[in-house]
Amino acid sequence: MLAETAFMNRRGFLKIAGSFVAASAVGGATGKGFAANYPSRTFDVIVPTREGGGADGLSRAFINSWKDKIGQNFERQFSPGAAGQVGYELYFKQREMDGSNLLFGNVSAEMIMYALQKPDFKFPEDIYYFCGIDTDPCGIWVSGESPFTSVEEVVETAMKRPVSIAVSRLPHPGTIGLLALAEATGAQFNIIPYGGGNPQVVAVLNGEAECGGGGTAGYIEGARILGVFDREEFVLAETRGDVPLINEVFGTDIPSLYSTRSWAVHRSWADANPDDYKVLQDTSAAVFDDPRFKEEIVQSGVTPWDGVRFRDQSTCMELAQSMVELATKYGDQLTAG
459 MLAETAFMNR
469 RGFLKIAGSF
479 VAASAVGGAT
489 GKGFAANYPS
499 RTFDVIVPTR
509 EGGGADGLSR
519 AFINSWKDKI
529 GQNFERQFSP
539 GAAGQVGYEL
549 YFKQREMDGS
559 NLLFGNVSAE
569 MIMYALQKPD
579 FKFPEDIYYF
589 CGIDTDPCGI
599 WVSGESPFTS
609 VEEVVETAMK
619 RPVSIAVSRL
629 PHPGTIGLLA
639 LAEATGAQFN
649 IIPYGGGNPQ
659 VVAVLNGEAE
669 CGGGGTAGYI
679 EGARILGVFD
689 REEFVLAETR
699 GDVPLINEVF
709 GTDIPSLYST
719 RSWAVHRSWA
729 DANPDDYKVL
739 QDTSAAVFDD
749 PRFKEEIVQS
759 GVTPWDGVRF
769 RDQSTCMELA
779 QSMVELATKY
789 GDQLTAG
């Protein structure tokens, strides 16, 4: 009913030329320059993870700046479960396609979920990821006490015997990187899922696992990052130091593998309302130039600031498509056990 009412208000509004001109003048005076009547209400956001995690802190910091730029507040609902499937199906089945219902998700992890679990929505037909926020490059890391000093040593050893590598969970872009590296080099990796980031870290630091695989953004005292799966650069070099690119070390062509949290919206609404959709795109992109956003990210420590960078719809959708294809290719290994 809400979407229908908003549509009728907009249609009636546009029919009255004089009112349209007056409203445009008011919009210009306030500095918003928004499409007529949009946004007309508080944004409702589905976050398909638990409250208190990285998505919570990152979305809160972003909203604190974005709400002033777009002229509306945001209410978040955390809906964890089944690697994000619960939240996504709630969004597509029970939320109106009115542009005021948004989703804030982890593109890489949740597109792996899409490929493996076959939830009840269609990618890319149903969704636009339009504003990626952070970058957590995937790689291989070890404890400070590890005998491994380079990623070459890890692979050389793994070509002679299996090397144990702890991951937070099997369906993860970091696991895909390890599988691709093993395929390209003949290395034998015993990839062990630990059911979360904290147990994974403990396993590596106490020597239960020889290496860790996955995200590198989280600071782990004493740990050393030996290599990352990125074709261009290690974006966290400022805070984590120079780290070799695995493709350069081994001459491989493994895709850049990283996690990024992104805002998303129903694609059918965006395609039918391009002017309103541009409001979402332009105002969200403007957040990255807001000093308040940087200050809150730095103070909260939710992610390194050098990993915060705007990724537009094209980049986010390309990443999502890549994750679907890679998860499909390595599906058996990602769901083993």
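In case it helps, this note's numbering puts the sequence shown at residues 459 to 795. Idealized CB from N, CA, C, for every residue including glycine.
Judged by pairs of C-beta atoms under 8 Å, the stretch 693-706 does not touch the stretch 647-663, as fewer than three such pairs exist. In the DSSP assignment, Gly655 falls outside any beta strand (DSSP E) and lies within the alpha helix (DSSP H) extending over 655-663.
Sequence-distant Cβ neighbours of Ser566 in its own chain, meaning closer than 6 Å and more than five residues away, are Pro631, Ser717, Met781. In terms of Cβ geometry, Ile634 and Cys669 do not form a close pair [threshold 8 Å]. Annotation: Gln543 to Asp526 spans about 31 Å, alpha carbon to alpha carbon. Counting along the chain, no beta strand (DSSP E) covers Trp763, and no H or E run does either.
Here the alpha carbons of Asn705 and Ala638 stand approximately 11 Å from one another.
Unbroken alpha helix (DSSP H) runs of no fewer than 4 residues, entirely contained in the stretch 557-596, are found at 565-575, following chain order. Relative to the Cα of Tyr652, the nearest Cα in the group Gln552, Asp770, Phe606, Arg627 belongs to Arg627.
Taking one beta carbon from each stretch, the stretch 676-692 and the stretch 595-615 have 3 or more pairs nearer than 8 Å; the two touch.
C-alpha of Thr697 to C-alpha of Trp599: approximately 15 Å in a straight line. Residue burial annotation: Ser758 is exposed, with fewer than 16 other C-beta atoms found within 10 angstroms of its C-beta. Taking C-alpha positions only, Ala743 is separated from Ala722 by approximately 13 Å. For Asp790, the secondary structure class from DSSP, reduced to helix, strand or coil, is helix.
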